[in-house]
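All residue numbers for the sequence shown refer to this note's numbering, where the first residue is 608 and numbers rise by one. Note that CB positions come from ideal geometry on N, CA and C, so glycine has one too. First comes the structure, then the notes that go with it.
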Amino acid sequence: MGKNVRENEIWVTGIGIACSAGTSFTEVTQSILDHRLCAQPTGLTLPVPMWGVCPNEIPSHPHFVDDRKSLLGLFAVEQAMHDAKSPNGPYSIFMGTGLSSITPAQLEEDLYPFVKDGIFDREAMAQDLHRQTAAPARHDPHRFVRFLKEKYNATGPCGTNFSACAAASQAIAEGMRVLRRGQAKVAIVGGHDSMAHPMGMLSFVVLGALSSTRCRPFDKRRDGFMLGEGSAVLILERAEDALKRGVIPYARLCGAGSSIDAWNVTAPHPQGVGAERSMINALRDSGLHHSDIDYINAHGTGTPLGDIAESSAISRVFGEHTPVSSIKGALGHCIAAAGAIEAVVCLAALQKQFLPGTFGLEEEENFEINVVKNAQLISISYTLSNSFGFGGQNSTLIFGAIN
608 MGKNVRENEI WVTGIGIACS AGTSFTEVTQ SILDHRLCAQ PTGLTLPVPM WGVCPNEIPS
668 HPHFVDDRKS LLGLFAVEQA MHDAKSPNGP YSIFMGTGLS SITPAQLEED LYPFVKDGIF
728 DREAMAQDLH RQTAAPARHD PHRFVRFLKE KYNATGPCGT NFSACAAASQ AIAEGMRVLR
788 RGQAKVAIVG GHDSMAHPMG MLSFVVLGAL SSTRCRPFDK RRDGFMLGEG SAVLILERAE
848 DALKRGVIPY ARLCGAGSSI DAWNVTAPHP QGVGAERSMI NALRDSGLHH SDIDYINAHG
908 TGTPLGDIAE SSAISRVFGE HTPVSSIKGA LGHCIAAAGA IEAVVCLAAL QKQFLPGTFG
968 LEEEENFEIN VVKNAQLISI SYTLSNSFGF GGQNSTLIFG AIN
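Laid out in structure tokens, this is it:
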């Protein structure tokens, strides 16, 4: 092993991505560097003007007809494996996804019987759900990971994460832990989701979480986020195995932290207690000090309560000098895939040595953190990425540059 490589060090050796910023690591990196708005008009009658959809065609697959998010996931997995030069297993696979892999068509089919004369009957649906509790699931939540397990003959631990907006980040963390324990040689990890369709948007409209204009993280006029779609997948290997193959890694996955505050189903703890604990756990896991972190990719959804809670937590852990930004104003919020997509943004920042900007930020709220408005070239060694989900599920990843 090289003299600068620590024992059990985990490297990122492959990246696959598809989102509104592009369908390759190069395209996404350039979009972030250019501080480009990647979202598009929805064209819907709902009071939601913008969403972040993939600009390029995603190949079809007979196994996933009408399953947009699984097609996005498969695209990213195959791209990442090719990028990593197809390392030999044994493989471990963990993916974050949402809505138990129900397609828009299936969701509409499930809801249609409860609509009478244009009115949705909640009570009838609740009674039907109660009757189903002892029945087999109509939709296989592990379908995509099961497909990948067979495709790559994965014999290591495999699983699907459903922890909302923290799902992909926690999937990446789980892959890291599997490699540390020596249960696999290669971890295929990430997330995939697509809520950029009318049925997907409806639930967030009801929750009042979507912006009626545009997503403005940390701005005084912020009023919610815009939805997106996408997938990002990382190939993780132990450094010693990657060195034997002679591959050039993107970065180190230094550590991960997780927590749950269980404060409210749709709102974070007002002081961001769970978020704070997640970041502290990640720092401890990586063996780093808060002063080592050069850039924080905030969850930064642009909701009134969410940005207050997260900024409060960041301020307590890092003070007011560490640069912080959110990319959701440019790309949209990809829900279960967000943590993986934003992990790729952190890898881009390390590769190109820059701070991503906060698209949509015009008049900053008086938060006690250092919010980066526009992209800036700067020397960085460590990045931290936050992903916080509904229900108080929190996840944090830390990446480091390769010396």
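Environment of residue i [buried if 16+ CB atoms lie within 10 Å]
i, result
"Leu984", "exposed"
"Ser708", "Here Ser708 scores only 49 on pLDDT, less than 50, and its place in the model should not be relied on; the value that follows carries that caveat. Looking at its Cβ environment, which holds 16 or more other Cβ atoms inside 10 Å, Ser708 is buried."
"Ala742", "Any reading at Ala742 is ruled out, since the residue's pLDDT is 48, under 50, leaving its predicted position unreliable."
"Lys723", "exposed"
"Ile597", "In this structure the chain extends from 608 to 1010, so residue 597 is not present and cannot be described."
"Ser638", "buried"
"Ile855", "exposed"
"Thr767", "buried"
"Arg859", "buried"
"Val872", "exposed"
"Leu991", "buried"
"Val672", "exposed"
Residue interval of the alpha helix (DSSP H) (run including residue i)
i, result
"Ile795", "No alpha helix (DSSP H) contains Ile795, which is instead part of the beta strand (DSSP E) from Val793 to Ser801."
"Pro930", "No alpha helix (DSSP H) holds Pro930; the beta strand (DSSP E) holding it covers Pro930 to Ser932."
"Leu814", "Pro805 to Leu814"
"Cys953", "Ala945 to Lys959"
"Ser918", "Pro911 to Phe925"
"Gly936", "Lys935 to Leu938"
Option in the options with minimal Cα separation from residue i
i, options, result
"Tyr698", "Ala761, Leu640, Phe925 and Asp800", "Ala761"
"Leu938", "Glu616, Glu971 and Cys626", "Cys626"
"Phe966", "Arg923, Phe974, Asn904 and Asn981", "Asn981"
"Leu764", "Arg784, His896 and Thr1003", "Correcting the residue type first, residue 764 is Pro in the shown sequence and not Leu. Nearest option by C-alpha distance: Arg784."
"Leu651", "Pro805, Phe701 and Gly621", "Pro805"
"Ser1002", "Gly696, Val672 and Ala889", "Ala889"
"Ala803", "Phe682, Ser819 and Met833", "Met833"
Span of the beta strand (DSSP E), counted from its first residue to its last, around residue i
i, result
"Gln686", "No beta strand (DSSP E) holds Gln686; the alpha helix (DSSP H) holding it covers Arg675 to Asp690."
"Ile624", "Ile617 to Cys626"
"Ile700", "Tyr698 to Gly703"
"Gly766", "Cys765 to Asn768"
"Thr1003", "Gln1000 to Gly1007"
Cβ neighbours of residue i in the same chain (closer than 7 Å, five flanking residues each side left out)
i, result
"Pro648", "Pro656 and Met657"
"Gly964", "His642, Ser932, Val979, Lys980, Asn981 and Ala982"
Any non-hydrogen atom of the ligand MN closer than 6 Å to residue i Cβ
i, result
"Ala794", "The model on display carries no ligand, and the ligand MN is accordingly not part of it."
Same chain, Cβ closer than 6 Å to residue i, neighbours up to 5 away in sequence not counted
i, result
"Gly705", "Asp800, Ile942 and Ala943"
"Tyr1016", "One cannot answer for residue 1016 here, as it falls past the ends of the chain, which runs 608 to 1010."
"Arg884", "Ser866"
Cut-off 8 Å between Cβ atoms - residues of its own chain near residue i, not counting five sequence neighbours on either side
i, result
"Val602", "Here the chain has residues from 608 to 1010 only, and residue 602 is not among them."
"Arg823", "Arg829, Asp830, Gly909, Gly936, Gly967, Leu968 and Glu969"
"Lys827", "Glu970, Glu971 and Glu972"
Next on the checklist: Quick check for students: name the residue ranges of the beta strand (DSSP E) that lie wholly in the stretch 833 to 884, counting only runs of 3 or more.
Outcome noted: 836 to 845 and 858 to 867
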